[in-house]
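*Asks:* The structure that follows is given in the form of structure tokens.
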């Protein structure tokens, strides 16, 4: 059957895997954006830079402190999340009562500054990071590099754990309630300002975790975030702002769609997501899983 | 003043640029049910929001159990033992009935248990897995009251709990408020429906243009009916 279409199975499954990996990053990043937007009403344009900081964090921990990948996988997101929480406390907090646009401008400006600082220090060409899981497994129909498989599994675990906490636990019910009516939740005795700080830290930490996972798969470079984040924003628009499951499903789904487009019509592979975005905006402006506010 | 659970004096409040409260002064004693009566826009809901700390600009004094709260954040005020049931009911659409009911954290010992809450509002147990906003208006009002009874708060601020509800449900809510009084709760009630208020309350404050203009004991309501009707425009 594959031969009829003129496509070899290894090429097809290879691209599907690449699509799933890209989807894993789309899902983790758009999930963080959705959580942050839900509670803070801020479109976090610094997200790409925070993803990049996660990757650089892993590189620095290895090269300056000798801490290997598995340690960095925990440490780097914590450090980047802490920096994010300082940004929330000192800068973002002043903008909540203003239009979305101000938060967007601030976070966009921060992204440019952070990227500029890293480019000045480390150059734009990118730094290598060794694969912590070399080798692979022959699945019969394709060869699966171990680390790539790990990315997909780790991302799925993190995404569904996040979904579970938000949708099925007491802590998540506070978050959902505060997303709807922050004043009332605070009037029930919950420290909503602190919750906002922690939520921003969590979203940022998720971006940094994706960055650490990306370090061995791609190069660690100051522009890795800004290259990815445009596509991630398209994913968020397609899935619908503020929907947790929407962000996860759309992230993985669009990664796969992109991968398949590379097989069947490579010319369109870098634009297919934006075409889908345009169609979704025409048919369902709030996004596939979004509800109009 | 010493025995007042809540004492508000010379309270001023603003919504943005507009000055809404002009020196509200009143008090609620432990175990009382007290209403704020008044026309639309008199400042009753704003007073509730000011007590709860939800009004950005407020000045004057709000003492709860003798402690000044006018500079505290809403979450700190709630932790002292004051619970709020807003006029729009504030049911969360993304939470089911059970999650809505369990949302407000327990701030003090001595609140009702979940079983006691369900005994008062059996309908909420039947519908526990429904989405909060799928309930009828009356059920949403029950839920909004029920969820603040578990928290251990002693003072309940109920903002127009009967608004837009059928007479039979209004009667049910009246019975609930009388039950709450016997269970030792103190209630500050905002009402426009003065006939309903007279079936549940001990005293009534009449609010006009952001200040208290009169106070009537419920057992003297008949002899003051004519004056009240002029003030309230009923």
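Chains as they are written, first to last, in this note's numbering: chain A, 1 to 293; chain B, 1 to 234. Backbone N, C-alpha and C define an ideal beta-carbon position, used for all residues, glycine too.
Under 7 Å between C-beta atoms, does residue 253 (chain B) make it to chain A?
*Replies:* With chain B running from 1 to 234 in the structure shown, residue 253 (chain B) is simply not present.
*Asks:* Which term fits residue 195 (chain A), buried or exposed, when burial requires 16 or more other beta carbons within 10 angstroms of its beta carbon?
*Replies:* buried
*Asks:* Cβ closer than 8 Å: which chain B residues qualify as neighbours of residue 180 (chain A)?
*Replies:* 92, 93, 94
*Asks:* Checking 7 Å against the spacing of the C-beta atoms, do residue 53 (chain B) and residue 74 (chain B) come in under that value?
*Replies:* yes
*Asks:* Do you know offhand how far residue 2 (chain B)'s Cα is from residue 88 (chain B)'s?
*Replies:* Because residue 2 (chain B) sits at a pLDDT of 49, beneath the cut-off of 50, its placement in the model cannot be relied upon, and the point is left open.
*Asks:* Would you tell me roughly how many angstroms separate the C-alpha atoms of residue 32 (chain A) and residue 115 (chain A), rounded to the nearest one?
*Replies:* Their Cα atoms are separated by approximately 19 Å.
*Asks:* Please state if the CB of residue 97 (chain B) and the CB of residue 124 (chain B) are separated by a distance shorter than 7 Å.
*Replies:* yes
*Asks:* Can you find a CB in chain B that lies within less than 7 Å of the CB of residue 196 (chain A)?
*Replies:* no
*Asks:* Verify whether the separation of the beta carbon atoms of residue 72 (chain A) and residue 58 (chain A) is less than 7 Å.
*Replies:* yes
*Asks:* Could you give the DSSP three-state label for residue 207 (chain B): helix, strand or coil?
*Replies:* Strand, per DSSP.
*Asks:* Which chain B residues are close to residue 220 (chain A), counting only those with a beta carbon under 9 Å from its beta carbon?
*Replies:* Here the premise fails: no neighbours, minimum Cβ distance about 38 Å.
*Asks:* Just mark residue 200 (chain B) as buried or exposed, buried being the case when its beta carbon has 16 or more other beta carbons within 10 Å.
*Replies:* buried
*Asks:* What are the boundary residues of the beta strand (DSSP E) that residue 19 (chain B) is part of?
*Replies:* 18-29
*Asks:* By alpha-carbon positions, which one of A:231, A:221, A:251, A:267 ends up nearest to residue 119 (chain A)?
*Replies:* A:221
*Asks:* Using only alpha-carbon positions, find the residue among A:79, A:19, A:13 that is nearest to residue 270 (chain A).
*Replies:* A:19
*Asks:* Could you check where the beta strand (DSSP E) with residue 145 (chain A) kicks off and where it finishes?
*Replies:* 143-145
*Asks:* Are three or more beta carbon pairs between the stretch 26-42 of chain B and the stretch 183-195 of chain B nearer than 8 Å?
*Replies:* yes
*Asks:* In three-state DSSP terms, what is residue 67 (chain A)?
*Replies:* Coil, per DSSP.
*Asks:* Per the contact definition of three or more C-beta pairs closer than 8 Å, is the stretch 196-210 of chain A in contact with the stretch 32-44 of chain A?
*Replies:* yes
*Asks:* If you measure from the CB of residue 171 (chain A), is any heavy atom of the ligand SAH nearer than 6 Å?
*Replies:* With respect to small molecules bound, the structure shown includes none, and the ligand SAH cannot be examined in it.
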